[in-house]
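Just so you know, we're using this note's numbering here: the sequence shown kicks off at 38 and counts up by one. Input: a single structure, listed below in structure tokens.
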Amino acid sequence: MILNFITLILLQRLVWTVQAPGAIYNSINHYKLSSSNGEQIPKEFYLSIENSNEFKLNLQRKLLHFLENIQKNLTISTVFGSFQNDSPNAAKYIHRLQELSMFFYEASYSVEKFAIESEKFFEIIKITSNSLLLKLRQVPKAQPTHVKLLLTNYFSEMEFFHIFFSEVIDEALEYTTTILQTIQKLFYSYADIQNGILKNWKLKHNLECCKLYADFLHHHSARIFKCATADKLQIAFDLYSVTKINAKYIVKQLEFRIQRLLNCINFGSYSIRCPFLNNAEGDFETLFNKLSELELYLNIKMKKSGIFVTNIRNHNVNSDLRKLPYLESSQQACLLNDFPYNQMSKQLKECFYFFNSQ
Numbered sequence: 038m039i040l041n042f043i044t045l046i047l048l049q050r051l052v053w054t055v056q057a058p059g060a061i062y063n064s065i066n067h068y069k070l071s072s073s074n075g076e077q078i079p080k081e082f083y084l085s086i087e088n089s090n091e092f093k094l095n096l097q098r099k100l101l102h103f104l105e106n107i108q109k110n111l112t113i114s115t116v117f118g119s120f121q122n123d124s125p126n127a128a129k130y131i132h133r134l135q136e137l138s139m140f141f142y143e144a145s146y147s148v149e150k151f152a153i154e155s156e157k158f159f160e161i162i163k164i165t166s167n168s169l170l171l172k173l174r175q176v177p178k179a180q181p182t183h184v185k186l187l188l189t190n191y192f193s194e195m196e197f198f199h200i201f202f203s204e205v206i207d208e209a210l211e212y213t214t215t216i217l218q219t220i221q222k223l224f225y226s227y228a229d230i231q232n233g234i235l236k237n238w239k240l241k242h243n244l245e246c247c248k249l250y251a252d253f254l255h256h257h258s259a260r261i262f263k264c265a266t267a268d269k270l271q272i273a274f275d276l277y278s279v280t281k282i283n284a285k286y287i288v289k290q291l292e293f294r295i296q297r298l299l300n301c302i303n304f305g306s307y308s309i310r311c312p313f314l315n316n317a318e319g320d321f322e323t324l325f326n327k328l329s330e331l332e333l334y335l336n337i338k339m340k341k342s343g344i345f346v347t348n349i350r351n352h353n354v355n356s357d358l359r360k361l362p363y364l365e366s367s368q369q370a371c372l373l374n375d376f377p378y379n380q381m382s383k384q385l386k387e388c389f390y391f392f393n394s395q
């Protein structure tokens, strides 16, 4: 049963790894098709918010009370009190120990799903902004010369805003996925280690050995969980939530400006209905300030987390290469040197029939 579950997790991870990039672009293509003339913001924008937020809540529920549950599941007195050395009963407790690796596999998968859905959402934010920008192209060309000049200037200002908006969203995406990928890889690596120990080393079925290994698992599972998450997971949640709130506000403001401009053109009377065209820079000032505040918030959060992604706006540098030093250092810090060999006592090592067997 355990092996079947692990196999399922591995298959699901493979499917998501293959489908993730394509899924984002499929969403974008579908997004273009589902925009209607009556609505400036397509439904995929809001649907992506709902999906990513649901995966965030699922992850939070999965990790809730982890430390309390591990204490209860591994050291409850009734379990040890009824322990018997015969193989059938001892195997039941071994199964209990294996369930912990299942938790870390499941947690790794939940983190990965949230990372994928949040990435989709960040990408759709950018494509939504670009779509609203392109709606300015729908303005009828038969306009007075001075109005055409004002429209050109207004379009340039919105285009500049879109570029800045996309860069800030890229920062939020880079920071959030760096944290989530780090946690996901640590959970998965630790689950693999646990699974490999029980599968290959063959723990002796006696009370003393099961207690020793349970204590070892309890200590290091709690330590690795704290090390992997600490305050960084909450930072990822905060980055996602604050970016979501600001993106919703900004996109609604862009929609308002597009609709106001279209109404202005359709009804004429430019001097009365379109005074904002005379000061495009001033019309976008509030939104630029909003973006600057969001960028400052992102930078403060990342400085607090200790994650520094080099040259984040240089798109010629592969994002995976920028993340690699942080991912490697976090893995080494949490799993420690040569884990689990150096962390096991001599007594615990003697509890395995094939210690260090691969």
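We put the CB at the ideal spot given by N, CA and C, even for glycine.
Candidates the options: closest to residue i by CA position
i	options	result
H102	V176, W238, K263 and D229	K263
Q380	Y130, I230, I153 and Q296	I230
C247	V279, A265 and K129	K129
C301	I153, L94 and L173	L173
L333	M139, L187 and E208	E208
H255	E105, S89 and N88	E105
I234	I131, V176, K157 and N283	I131
T219	D275, S203, R297 and K269	K269
M139	L170, K185, L210 and Y227	Y227
S203	L186, L170 and N232	L170
I153	T182, P177, A267 and Y277	Y277
P377	N90, F253 and T266	F253
F196	I295, K383 and F274	The displayed chain sequence assigns Glu, not Phe, to residue 196. With distances taken between Cα atoms, E196 lies closest to I295.
Per-residue DSSP class, three states only, for residue i
i	result
F140	helix
L101	coil
L235	helix
F304	helix
L210	helix
L373	coil
F389	strand
M339	helix
P312	helix
S155	helix
Q77	coil
S147	helix
F321	coil
S89	helix
Any non-hydrogen atom of the ligand GDP within 6 Å of residue i CB
i	result
E156	The ligand GDP is absent from the structure shown, which contains no ligands of any kind.
Contacting residues, own chain, Cβ-Cβ under 6 Å from residue i (five flanking each side not counted)
i	result
F224	F141, A144 and S145
M339	Y212
I272	K338 and S342
E292	Q77 and I78
S193	none
F151	F92, K93 and L96
C311	C301
L100	none
A317	N190, Y191 and E194
L397	Any answer about residue 397 is impossible in this case: the structure gives the chain only from 38 up to 395.
Beta-carbon gap between residue i and residue j smaller than 7 Å
i	j	result
S147	L96	yes
K239	I206	no
E149	Q77	no
F82	I161	yes
L385	L249	yes
T189	V288	no
Y191	L84	no
L217	F159	no
S201	L335	Inspection of the sequence shows that residue 201 is occupied by Phe rather than by Ser. No. Outside cutoff.
L331	N283	yes
Same chain, Cβ closer than 7 Å to residue i, five either side skipped, listed in chain order
i	result
F198	F321, L324 and F325
S258	I107 and L137
F304	R310
C388	L240, K241, C246, L249 and Y250
K281	I86
Cutoff 7 Å: residue i Cβ touching any chain D Cβ
i	result
F198	Within the model displayed, chain D is absent; a lone protein chain is all it includes.
Beta-carbon contacts of residue i that lie in its chain and below 8 Å, excluding the five residues immediately before and after
i	result
D375	none
A370	C264
R297	F313
K285	I86
Enumerated in chain order, which unbroken segments of the beta strand (DSSP E) with a length of 3 residues or greater are wholly contained in the segment 158-209? none
Identify every run of the alpha helix (DSSP H) within the segment 236-279, keeping only runs that are complete inside it and at least 4 residues long; order them along the chain. DSSP runs (the alpha helix (DSSP H)) wholly in the segment 236-279: 244-266.
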